[in-house]
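Report on one structure; see the data block that follows.
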Amino acid sequence: MLFHAHITSLISHPWLMKPKFAVLMTDFGLQDPFVGVMRGVILSRAPNAKIMNLTHQIPPQDIYTAAFYLMVSVSYFPRGSLFMVVVDPGVGSERDILWARSKWYQFLAPDNGVLSWVEEGSPKERFEEVRVVRNDKLFLHPVSSTFHGRDIFSPAAGALLKGMSPKTLGPVRTDYKKVPFPKPKKVLNRVSGSVIGVDRFGNVITNLMDKDVTPTTVFYLKGKVVAGLKPAYAFVKKGEALAFVGSFRFVELSVRNGSFAEMFGVKTGDPIEATLSLDAS
């Protein structure tokens, strides 16, 4: 009876077992050998590991875009995945590297707030345990001051994928850095928000969600006025701006066959205003 209860616990809490996959996200790009080297280090520690890429095209040092992409992507990966996030403007400084686990996933990331939004975005992703990666016996030596992805993150990920207990990484941490998700503010029929990302097509991703707007909402961003939500690009002419609800349920502003961000000089953090129709609740 006790044996069956133990097995049931393992099945319902896969984090009690070693992670099944490594999912990598960096701002390194793919032109240089950095990503390949990290994969090589992971496989040298865990030859049977399965490694997937989330993206390596995060804008350099942009922890906000990284936090957003992680938040909206995690739930689409197999339970038991280990997400290794190397978007690390503070590399070589005194900032810590964290390991964290939620109900279904594990994470390795710098302590710079990049994990904040994934934890805030879903009750299932609340961290149940956080540790500081301090065990230098796991690291590659000498440790580079500019490539912790190779010398610290990857060896730690490989050890976890091979079955090492997370307790071996280092002590428990409770006071890690958090960067709150920028929630929209609504006053009467006016909603104020901000740009939280720009994708490679130049589409501007805002923090306004489908529940915050109506089909006839008018958007104001960097002097450009965009009226109403469209179902898809095909509903406007080439070169025309439009607003739509993207695949992750956030409002995006775009130009058909063009870049809204380039055309209007938009960047992450820019404010956006929206006026709802008078019959909106």
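Using our numbering, read the sequence shown as starting at 326 and increasing by one per residue. Where is the CB? At the ideal position from N, CA and C, for every residue including glycine.
Excluding sequence positions up to five away, which residues of its chain have a Cβ less than 8 Å from the Cβ of A391?
Excluding residues within five positions, the ones whose Cβ falls inside 8 Å are M350, D352, I383, V410, V412 and V439.
Where does Y401 sit, in a helix, a strand or coil, going by DSSP?
Of the three classes helix, strand and coil, the one that applies to Y401 here is helix, per DSSP.
Of the choices Y394, V580 and T471, whose alpha-carbon is the least far from that of L567?
For the residues Y394, V580 and T471, the minimum Cα distance to L567 belongs to V580.
On a Cα-Cα basis, can you pick out the residue from D537, V362 and G553 that is closest to K511?
The residue with the shortest Cα to Cα distance from K511 is D537.
Please name the residue in M489, L486 and S470 whose C-alpha comes closest to that of G418.
First, the residue type needs correcting, since residue 418 is Ser and not Gly in the sequence shown. The shortest Cα separation from S418 among M489, L486 and S470 belongs to S470.
Can you name the start and end residues of the beta strand (DSSP E) that A435 belongs to?
A small correction: the amino acid at residue 435 is Pro; Ala does not occupy that position in the sequence shown. Run containing P435: Q431 to P435, per the beta strand (DSSP E) assignment.
For V523 and S441, which I take to be in contact (beta-carbon distance under 8 Å), what is that distance rounded to the nearest angstrom?
The pair is not a contact, with the Cβ atoms about 20 Å apart (cut-off 8 Å).
Would M377 be called buried (16 or more neighbouring beta carbons within 10 Å of its own) or exposed?
M377 comes out exposed.
Which one of G354, F432, S369 and F585 has the shortest CA to CA distance from K549?
With distances taken between Cα atoms, K549 lies closest to F585.
Going straight from the alpha carbon of P509 to that of V591, what length do you get?
When rounded, the distance between both Cα atoms is 18 Å.
Just the Cα atoms here: how many angstroms apart are V457 and I477?
Roughly 12 Å between the two C-alpha positions.
Could you compute how far the alpha carbon of T600 sits from the alpha carbon of E577?
Taking the straight line from one Cα to the other gives about 15 Å.
Using beta-carbon positions only, say whether L494 and P344 come within less than 7 Å of one another.
No. Outside cutoff.
Please return the same chain residues whose Cβ sits closer than 8 Å to the Cβ of L368, not counting the five positions on each side in sequence.
Excluding sequence neighbours, L368 sits near A374, I376 and G483.
Shortest alpha-carbon distance to K428 belongs to which of E444, N437 and T531?
With distances taken between Cα atoms, K428 lies closest to E444.
Round the Cβ separation of S519 and P507 to the nearest angstrom and send it over; I've been treating them as touching at under 8 Å.
S519 to P507, Cβ: 5 Å. Contact.
Give every residue of the same chain whose Cβ lies closer than 8 Å to the Cβ of M326, excluding the five residues on either side of it in the sequence, and list them in chain order.
Residue placement at M326 is flagged as unreliable, the pLDDT there being 44, under the threshold of 50; the coordinate-derived value follows with that caveat. No residues qualify anywhere along the chain.
Report the residue from V468, S572 and F526 whose alpha carbon sits nearest the alpha carbon of D535.
The residue with the shortest Cα to Cα distance from D535 is S572.
Can you list, in chain order, the stretches of the beta strand (DSSP E) that have 3 or more residues and sit fully within the region 501–583?
Correct list: 510–512, 515–523, 529–534, 543–546, 549–552, 566–570 and 575–580.
Going by the beta-carbon positions, is the gap between F402 and V362 smaller than 7 Å?
Going by C-beta atoms, F402 is not nearer than 7 Å to V362.
Which value, in whole angstroms, describes the spacing of the CA atoms of D357 and H381?
Cα to Cα, D357 sits roughly 11 Å from H381.
Let me check understanding here. Comparing Cα to Cα, which of Y430, I388 and Y389 lies closest to R404?
Of the candidates Y430, I388 and Y389, the one whose C-alpha sits nearest the C-alpha of R404 is Y430.
Below 8 Å on the Cβ atoms is my guess for G583 versus G564; work out the distance and round it to an integer in Å.
6 Å between Cβ atoms; contact.
Give me the residue from L533, K547 and T542 with the minimum Cα distance to F575.
When each option's Cα is compared against that of F575, the closest is L533.
Opposite F408 in the DSSP bridges: which residues?
In DSSP, F408 forms a bridge with V348 and F432.
Measuring alpha carbon to alpha carbon, tell me which residue in D461, A481, L546 and A425 is nearest D595.
Nearest of D461, A481, L546 and A425 to D595, Cα basis: L546.
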